[in-house]
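**Q** This structure is in structure tokens; I'll ask about it shortly.
Residue numbers (my numbering): 2 to 558.
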């Protein structure tokens, strides 16, 4: 990495300069000569002992250079992390007791329930010792870095965090995505499971309803429509409720949204901004005329009352509630994991029978969450904190515990000595019941890379037909869109970021309004298309794509 080499060169130059200055400033002997051989030996030995003592005097003598415990005596650091409704006890979970027992470091955590509170922390410059994932914008983090509020990590990695150092050397895109103002101040959460990275959402259908209606899992868009119609026509019969919703999605949200409909018609969309990368070029799909075909399909489903009007207004909490209902009320929806294990069957992508290849969305092999651990400059124990961040990812037991939760409750070892999952997010009741045992998941650091999945983790879910892992291996593996199509981006300057954000907001407003009108039939798709495209251009579409290309090039070229 160019930046890594540049930093090493600067460090070496600094050492040489300091050595030279030390030599020039050495006190001459009283005799006016260089002194006797014995006195030279004495000075050299004294300097060596002093340097060695200084080198080991980490954090004012509070920190061991290696091994456990990390702190010589119990110490306390403060930390901040954003609130997660699925893990409401991140501040008081027993995971922190485990960390304290192992490291002698007590972590006192405060949760930020909204981005505004996190931004206030950065604005006031009143930081905890350890800043986890807060939801703050990269521009806010960059300003903190430029102001000297964060500890630059790269000069410390080789000695105190070699696992992280090696990972960044071998994963330059992840490294580039982590940079703030061209330097490394933070560490990410990484999960390179193929069923996680190669697949965005599963497309699910309530299996018992298909069986009651004597229907196979749909494989084409026409079969899907017929299955939805059958569900609607049999509302209130068998296990199908009277208030059944045939097809539901979280409109224009990349998680749970309607994007796999587009990909079934051969129009891949790989971001909430409707972007795709082809041959290294970032392209907008929202104004691609080919997207009219899947929009017309959605219009037909809506006209048949297979899509409810509330898809355009429901929020995230409502989406979660409806897709998790027990008994189920929605026949088909998209989700990362099935929210009704044992009730749903994965399907798709659907063949639109238009001569184009159909795809299901994939995700890029990048950090799941960036900037999940930053050490503030006011932290009295920066080396102890960094050593803790290294221990978490270098010790498999520590990482699984901090990421997932307490051993014996969230996970355990099998007879081959590999760790495996006892339950996870699809078991919402167990998540609630054991909230005090849950880990930080992607709100904090993790390094579940290829080595982790090859040598540490046994994914028993591959054998479970209700799991995402099984669905990936048996339904989606050969149908996901090429990974290089997925849009990824690095940080831009504050001005460019502000412009991109404004364009994104303006374009989303135009697009959502137009697409909602198209799907509901309020505006004819063909006759209204040119006006919609012009409105997008007026809202800055071309300039936005240029900025997104610039952000893509930061990490991918």
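Every residue gets a Cβ at the ideal spot worked out from N, C-alpha and C, and that includes glycine.
Since the model is a prediction, treat every value here as computed from it, not as a measurement.
#1: Just the C-alpha distance for residue 179 and residue 161, rounded to the nearest angstrom, thanks.
#2: Going by DSSP in three states, residue 377 sits in which element: helix, strand or coil?
#3: Check whether the stretch 199-211 touches the stretch 293-313, counting contact only when three or more Cβ pairs, one atom from each stretch, lie closer than 8 Å.
#4: Work out the CA separation of residue 66 and residue 45 for me, nearest whole Å.
#5: Ordered along the chain, which non-local residues of its own chain (more than five positions away) have a Cβ less than 6 Å from that of residue 40?
#6: Could you check the C-alpha separation between residue 246 and residue 138 for me, to the nearest Å?
#7: Applying the 10 Å Cβ sphere with the 16-neighbour rule, what's the burial state of residue 554?
#8: Could you give the distance in angstroms between the alpha-carbon of residue 516 and the alpha-carbon of residue 280?
#9: Give the straight-line distance between the Cα atoms of residue 490 and residue 480, rounded to the nearest whole angstrom.
#10: Using C-beta distances below 8 Å, list every residue in its chain close to residue 518, excluding the 5 sequence neighbours before and after it, in chain order.
#11: For the candidate residues 237, 320, 142, whose alpha-carbon lies nearest to that of residue 1?
#12: Please report how far the alpha carbon of residue 398 lies from the alpha carbon of residue 557, in whole angstroms.
#13: Could you give the DSSP three-state label for residue 496: helix, strand or coil?
#14: Rounded to whole angstroms, what is the Cα-Cα separation between residue 358 and residue 266?
#15: Please list the segments of the beta strand (DSSP E) lying wholly inside the stretch 254-301, counting only runs of 3 or more residues, in order along the chain.
#16: Which same chain residues, not among the five before or five after residue 366, have their C-beta less than 7 Å away from its C-beta?
#17: In its own chain, which residues sit with a C-beta less than 7 Å from the C-beta of residue 237, not counting the 5 before and 5 after it?
#18: So, does the stretch 490-505 touch the stretch 442-455, judging by three or more C-beta pairs under 8 Å?
#19: Would residue 188 and residue 374 be called neighbours here (beta carbons separated by less than 8 Å)?
#20: Quick one: residues in its chain with C-beta nearer than 6 Å to the C-beta of residue 458, no 5 flanking neighbours on either side, listed in chain order?
#21: What separation, rounded to the nearest whole angstrom, lies between the Cα atoms of residue 167 and residue 175?
#22: DSSP three-state call for residue 540: helix, strand or coil?
#23: Between the C-alpha atoms of residue 172 and residue 325, what's the straight-line distance to the nearest angstrom?
#24: Between the C-alpha atoms of residue 97 and residue 108, what's the straight-line distance to the nearest angstrom?
#25: Within the chosen definition, does the stretch 100-115 reach the stretch 335-352 through at least 3 CB pairs nearer than 8 Å?
#26: Among 149, 340, 165, which has the Cα closest to the Cα of residue 155?
#27: Helix, strand or coil: which one does DSSP assign to residue 486?
#28: Quick check: what's the CA-CA separation for residue 130 versus residue 382?
#29: Name the two residues that bound the continuous beta strand (DSSP E) containing residue 111.
#30: In the DSSP assignment, the beta strand (DSSP E) including residue 79 goes from what residue to what residue?
#31: Strictly by DSSP, which residues pair up with residue 248?
#32: On the CB-based measure, 16 or more other CB atoms within 10 Å of its CB, does residue 185 come out buried or exposed?
#33: Quick one: complete alpha helix (DSSP H) runs, 4+ long, within the stretch 373-457?
#34: Between which two residues does the alpha helix (DSSP H) holding residue 206 run?
#35: To the nearest angstrom, how far is it from the Cα of residue 424 to the Cα of residue 336?
#36: In three-state DSSP terms, what is residue 129?
**A** Short version:
#1: Position 178 of the chain shown, counting from 1, holds the residue named residue 179. Position 160 of the chain shown, counting from 1, holds the residue named residue 161. Roughly 19 Å separates the two Cα atoms.
#2: Within the chain shown, residue 377 is the residue found at index 376, counting from 1. Residue 377 falls in the strand class under three-state DSSP.
#3: Proximity of the stretch 199-211 to the stretch 293-313 falls short of the contact definition, fewer than three beta-carbon pairs being nearer than 8 Å.
#4: The count along the chain shown starts at 1 and reaches residue 45 at position 44. The count along the chain shown starts at 1 and reaches residue 66 at position 65. Model confidence at residue 45 stands at a pLDDT of 32, short of 50, so the residue's coordinates are unreliable; what they give is reported in the following sentence. If you take the alpha carbons of residue 45 and residue 66, they lie about 24 Å apart.
#5: As a position in the chain shown, residue 40 is number 39, starting the count at 1. Per-residue confidence for residue 40 stands at a pLDDT of 31, beneath the threshold of 50, marking its modelled position as unreliable; the derived number appears in the next sentence. There are no such residues.
#6: Position 245 of the chain shown, counted from the start, is the residue given in the question as residue 246. Position 137 of the chain shown, counted from the start, is the residue given in the question as residue 138. Near 37 Å, if we compare the C-alpha coordinates of residue 138 and residue 246.
#7: The sequence position of residue 554 within the chain shown is 553, counting from 1. Within 10 angstroms of the beta-carbon of residue 554 lie fewer than 16 other beta-carbons, which makes it exposed.
#8: For the purposes of this step, residue 516 is taken as the residue at position 515 of the chain shown. For the purposes of this step, residue 280 is taken as the residue at position 279 of the chain shown. Taking the CA atoms as reference points, residue 516 sits about 28 Å from residue 280.
#9: Taking the first residue of the chain shown as position 1, residue 490 is located at position 489. Taking the first residue of the chain shown as position 1, residue 480 is located at position 479. One C-alpha to the other measures close to 24 Å.
#10: The sequence position of residue 518 within the chain shown is 517, counting from 1. For residue 518, where only same-chain residues beyond five positions count, the Cβ hits under 8 Å are 524, 529.
#11: What the structure shows of the chain is the stretch from 2 to 558, and residue 1 is not part of that stretch, so it cannot be assessed.
#12: For the purposes of this step, residue 398 is taken as residue 397 along the chain shown, with counting starting at 1. For the purposes of this step, residue 557 is taken as residue 556 along the chain shown, with counting starting at 1. For residue 398 and residue 557, the distance between alpha carbons rounds to 33 Å.
#13: Here residue 496 corresponds to residue number 495 of the chain shown, with the count starting at 1. Residue 496 falls in the helix class under three-state DSSP.
#14: If you number the chain shown from 1, residue 358 lands on position 357. If you number the chain shown from 1, residue 266 lands on position 265. Cα-Cα distance, rounded: 7 Å.
#15: Taking 3 residues as the shortest admissible run, the stretch 254-301 contains the following complete beta strand (DSSP E) segments, listed from N- to C-terminal end: 276-279, 282-285.
#16: What you label residue 366 is simply residue 365 of the chain shown in a count that begins at 1. Exclusion of the five residues before and after residue 366 leaves 193, 198, 484 as the residues of its chain whose Cβ lies within less than 7 Å of its Cβ.
#17: Here residue 237 is taken as the residue at index 236 of the chain shown, counted from 1. Shown here for residue 237: same chain residues with a beta carbon closer than 7 Å to its own, the five before and five after excluded, namely 243 in chain order.
#18: Verdict: no, contact absent.
#19: Residue mapping note: residue 188 aligns to position 187 of the chain shown, counting from 1. Residue mapping note: residue 374 aligns to position 373 of the chain shown, counting from 1. Taking C-beta atoms as the reference points, residue 188 and residue 374 count as a pair closer than 8 Å.
#20: Position 457 of the chain shown, counting from 1, holds the residue named residue 458. Scanning its chain for C-beta atoms nearer than 6 Å, with the 5 sequence neighbours on each side dropped, one finds around residue 458 the residues 420, in chain order.
#21: For this step, residue 167 is matched to residue 166 along the chain shown. For this step, residue 175 is matched to residue 174 along the chain shown. Computed Cα separation, rounded: 12 Å.
#22: One-based indexing of the chain shown puts residue 540 at position 539. Coil, per DSSP.
#23: In the chain shown, the residue the question calls residue 172 occupies position 171. In the chain shown, the residue the question calls residue 325 occupies position 324. So the alpha carbons of these two residues sit roughly 36 Å apart.
#24: Against the chain shown, residue 97 aligns to sequence position 96. Against the chain shown, residue 108 aligns to sequence position 107. If you take the alpha carbons of residue 97 and residue 108, they lie about 6 Å apart.
#25: Taking a cut-off of 8 Å for Cβ pairs, the stretch 100-115 and the stretch 335-352 do not touch, as fewer than three such pairs fall below it.
#26: Stepping through the chain shown from its first residue, residue 155 is reached at position 154. The option with the nearest alpha carbon to residue 155 is 165.
#27: Translated into the one-based positions of the chain shown, residue 486 becomes position 485. Under the three-state reduction of DSSP, residue 486 is assigned to helix.
#28: By one-based count along the chain shown, residue 130 stands at place 129. By one-based count along the chain shown, residue 382 stands at place 381. The C-alpha of residue 382 is placed about 8 Å away from the C-alpha of residue 130.
#29: Reading the chain shown from its first residue, position 110 is the one you call residue 111. Unbroken beta strand (DSSP E) run through residue 111: 106-113.
#30: Numbered from 1 along the chain shown, position 78 holds the residue referred to as residue 79. Run containing residue 79: 76-83, per the beta strand (DSSP E) assignment.
#31: Numbered from its first residue, the chain shown carries residue 248 at position 247. Bridge partners of residue 248: 333.
#32: For the purposes of this step, residue 185 is taken as residue 184 along the chain shown, with counting starting at 1. Around the CB of residue 185, 16 or more other CB atoms lie within 10 Å, so the residue is classed as buried.
#33: Within the stretch 373-457, complete alpha helix (DSSP H) segments of at least 4 residues are found at 383-395, 397-404, 429-434, given in chain order.
#34: Here residue 206 is taken as the residue at index 205 of the chain shown, counted from 1. For residue 206, there is no enclosing alpha helix (DSSP H); the residue is found in the beta strand (DSSP E) stretching over 203-207.
#35: If you number the chain shown from 1, residue 424 lands on position 423. If you number the chain shown from 1, residue 336 lands on position 335. Whole-angstrom Cα-Cα distance: 17 Å.
#36: Translated into positions along the chain shown, residue 129 becomes position 128. Looking at residue 129 - three-state DSSP - the assignment turns out to be coil, as it is neither helix nor strand.
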